[in-house]
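For reference, the structure is listed below as structure tokens.
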Amino acid sequence: MNNTVVEIRNLVKHFPVKTGVIMGRTIGNVKAVDDISFGVSQGETFALVGESGCGKTTVANLILKLLDPTSGDILFQGKSLDRASGSEIRQYRKSVQAVLQDPYGALNPRMRVGHIVGEPLEVHGYGRSERTRLVRDALRSVGLPETSDSQFPHEFSGGQRQRIGVARALTLEPSLIVLDEPVSNLDVSIRSQVLNLLKDVQDQRGISFILISHDLASVEHMSHRIGVMYLGKLVELGGAEQICDDPAHPYSASLVAASTPPGRTPPWQIPIVGEVPSAMETPSGCAFHPRCIYAMPVCSQVAPSLTKLPDGRQVSCHLYPDHIGSIDKSASLPGLEFTTSTIGDGGPEVRPVE
């Protein structure tokens, strides 16, 4: 995976907050995406994870050109979109497709499946006979019969509807597909089928995926690399196995512990203190420091930059000033202690020191 398909450079997206709908004055900005950079190689799945509101879907919308960045740049196959001509943007839109979260709301209930899947082809000037052939090829490639093209969305299950969404994304033979929570609205029994379908499509076609998700189980199954976001910033960037098995950033470790399936004991339990701060008034220094049990005085004063560790991953945390060490997952916050008593599903308990 040496060829970079898309590269994100210092991407920023701020949304102004105004006092009124019309002629209101700007009183601040929501920092949805705050200076992030990463690249995605050919045939790679890169996942962006984090809790709701961290900015991952805004990144997806910026890559899909549904939003314009406040600053920063997106390079597609080495060419800047900021300086691209109209025809180049049109080609970019053809090469970058999306599979959306809601398989029910994403498909027009008044259109037959053949029209839904073939609509991108029609927009890009393909003739009727060629559209029919490509639509049927796409339906077959996702495990649906050709005759599906004459049916309506309500005649399909949720998993089948998501397959239709994948087929629509494949018709233009894209280089990159943005998967925005592609299985979060599906039954657990169907999720693995859709994820395996996506992996098969990637293996056969060499397509790159950007996976937006908060489901770390799906992310670990699908992804080669993961970027962990918190309040618009990347706090950790590394291999999927690295982050899921041995996260370096305290926030990443908390996410992994929280995603442990019911009935299993998480390998560690790192509590997150307090509530998520407002994206309008992010804390000084490290944005995570008010909630971090490892916070030091420097954390509230200086914003950490992504530091490359010996294992190749990058972490934005003052615990790694000299590229050494790791977080002590048995550490505790002053005034709190970890106990080994069994509670609930057997996880460690954090309680006030008496």
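According to the numbering used here, the sequence shown is numbered sequentially starting from 52.
Note that beta-carbon positions come from the ideal geometry of N, C-alpha and C, so glycine has one too.
Note that the coordinates shown come from a computational prediction; the quantities given were computed from them, not determined experimentally.
**Report entry** Same chain only: Cβ atoms within 8 Å of V286, ignoring 5 sequence neighbours per side
**Finding:** Translated into the one-based positions of the sequence shown, residue 286 becomes position 235. Once the five neighbours on either side are set aside, the close Cβ partners of V286 are V279, M280, H300, Y302, S303, F339, V366, S367 and C368.
Query raised in the report: For L223, does the three-state DSSP call read helix, strand or coil?
Result: As a working mapping, residue 223 is identified with position 172 in the sequence shown. The answer is coil: DSSP assigns L223 none of H, G, I, E or B.
Query - L190: first and last residue of the uninterrupted alpha helix (DSSP H) it sits in - result: Reading the sequence shown from its first residue, position 139 is the one you call residue 190. It spans R179 to S192 - the alpha helix (DSSP H) in which L190 sits, taken as one unbroken run.
Query - Bridge partners - L285, DSSP secondary structure assignment - result: To locate residue 285, count along the sequence shown from 1; it is residue 234. DSSP lists M280 as the bridge partner or partners of L285.
Query - Neighbourhood of G101 by C-beta, 8 Å cutoff - its chain only, sequence neighbours within 5 removed - result: On the sequence shown, residue 101 is found 50 positions in, with the first residue counted as 1. Answer for G101: K107, H265, V279, M280, Y281 and L306, listed in chain order.
Query raised in the report: If we call anything under 8 Å between Cβ atoms a contact, is T222 one with V186?
Result: As a first step, residue 222 must be located in the sequence shown, where it is residue number 171. As a first step, residue 186 must be located in the sequence shown, where it is residue number 135. Judged by beta-carbon spacing, V186 lies within the 8 Å limit of T222, meaning their Cβ atoms are closer than that value.
Query raised in the report: In its own chain, which residues sit with a C-beta less than 8 Å from the C-beta of I78, not counting the 5 before and 5 after it?
Result: Translated into positions along the sequence shown, residue 78 becomes position 27. Excluding sequence neighbours, I78 sits near V68, K69 and T70.
Requested in this report: Starting from the N-terminal side, write out each stretch of the beta strand (DSSP E) that is 3 residues or longer and does not extend beyond the region 103-189.
Outcome: The region 103-189 contains these whole beta strand (DSSP E) runs: 122-127 and 147-150.
Requested in this report: Quick one: using the 10 Å Cβ neighbour count with 16 as the cut-off for buried, is Y345 buried or exposed?
Outcome: The residue labelled residue 345 in the question sits at position 294 within the sequence shown. By the Cβ neighbour-count rule, Y345 is buried, with 16 or more other Cβ atoms within 10 Å of its own.
**Report entry** Three-state secondary structure (DSSP) of R256
**Finding:** Residue mapping note: residue 256 aligns to position 205 of the sequence shown, counting from 1. R256 falls in the helix class under three-state DSSP.
Query raised in the report: If A218 sits next to V193, beta carbons under 8 Å apart, how far is it from one beta carbon to the other, in whole angstroms?
Result: The residue you call residue 218 lines up with position 167 of the sequence shown. The residue you call residue 193 lines up with position 142 of the sequence shown. So it is a contact: roughly 5 Å between Cβ atoms.
Requested in this report: Would you give the residue range spanned by the beta strand (DSSP E) that P355 belongs to?
Outcome: On the sequence shown, position 304 is the one that residue 355 refers to. First-last for P355: undefined, no H or E at that position.
Report task. Assign I294 to one of three DSSP states: helix, strand, or coil. Result -> For the purposes of this step, residue 294 is taken as residue 243 along the sequence shown, with counting starting at 1. It is helical.
Query raised in the report: Where G274 and E95 are concerned, what is the direct C-alpha to C-alpha distance, given to the nearest angstrom?
Result: What you label residue 274 is simply residue 223 of the sequence shown in a count that begins at 1. What you label residue 95 is simply residue 44 of the sequence shown in a count that begins at 1. Checking the displayed sequence, the identity of residue 274 turns out to be Ser instead of Gly. Their Cα atoms are separated by approximately 8 Å.
Query raised in the report: Whose CA, out of N159, T109 and P154, lies closest to the CA of L237?
Result: Numbered from 1 along the sequence shown, position 186 holds the residue referred to as residue 237. Residue P154 is the option with its Cα nearest to L237.
Query raised in the report: Can you list, in chain order, the residues of its chain whose CB lies under 7 Å from that of I241, leaving out five sequence neighbours each side?
Result: The count along the sequence shown starts at 1 and reaches residue 241 at position 190. Around I241, the same chain offers G209 and G210 as residues with beta carbons nearer than 7 Å, after the five sequence neighbours per side are excluded.
Query raised in the report: Using the beta-carbon count (16 or more within 10 Å), is D296 buried or exposed?
Result: Position 245 of the sequence shown, counted from the start, is the residue given in the question as residue 296. The residue in question, D296, is exposed, as its Cβ has fewer than 16 Cβ neighbours within 10 Å.
Query raised in the report: To which residues of the same chain is S122 closer than 6 Å at the C-beta, ignoring the five residues directly before and after it?
Result: In the sequence shown, residue 122 corresponds to position 71, counting from 1. For S122, where only same-chain residues beyond five positions count, the Cβ hits under 6 Å are V63.
Query raised in the report: In chain order, what residues of the same chain lie with their CB nearer than 6 Å to the CB of V349, ignoring the 5 residues before and after it?
Result: In the sequence shown, residue 349 corresponds to position 298, counting from 1. Correct list, in chain order: H369.
Query raised in the report: Whose CA, out of A268, I261, R342 and E332, lies closest to the CA of P322?
Result: Stepping through the sequence shown from its first residue, residue 322 is reached at position 271. Nearest C-alpha to P322: R342.
Requested in this report: Please determine, among L99, I294 and Q152, the residue with the shortest C-alpha to C-alpha distance to Q213.
Outcome: As a position in the sequence shown, residue 213 is number 162, starting the count at 1. Closest by alpha carbon: Q152.
Requested in this report: Return the CA-CA distance between S146 and S226, expressed in angstroms with no decimal places.
Outcome: As a working note, residue 146 is residue 95 in the sequence shown. As a working note, residue 226 is residue 175 in the sequence shown. The alpha-carbon atoms of S146 and S226 are separated by roughly 5 Å.
Query raised in the report: Got a sec, what are the start and stop residues for the alpha helix (DSSP H) H272 sits in?
Result: Here residue 272 refers to the residue found at position 221 when the sequence shown is read from its first residue. Where H272 is concerned, the enclosing alpha helix (DSSP H) stretches over L267 to M273.
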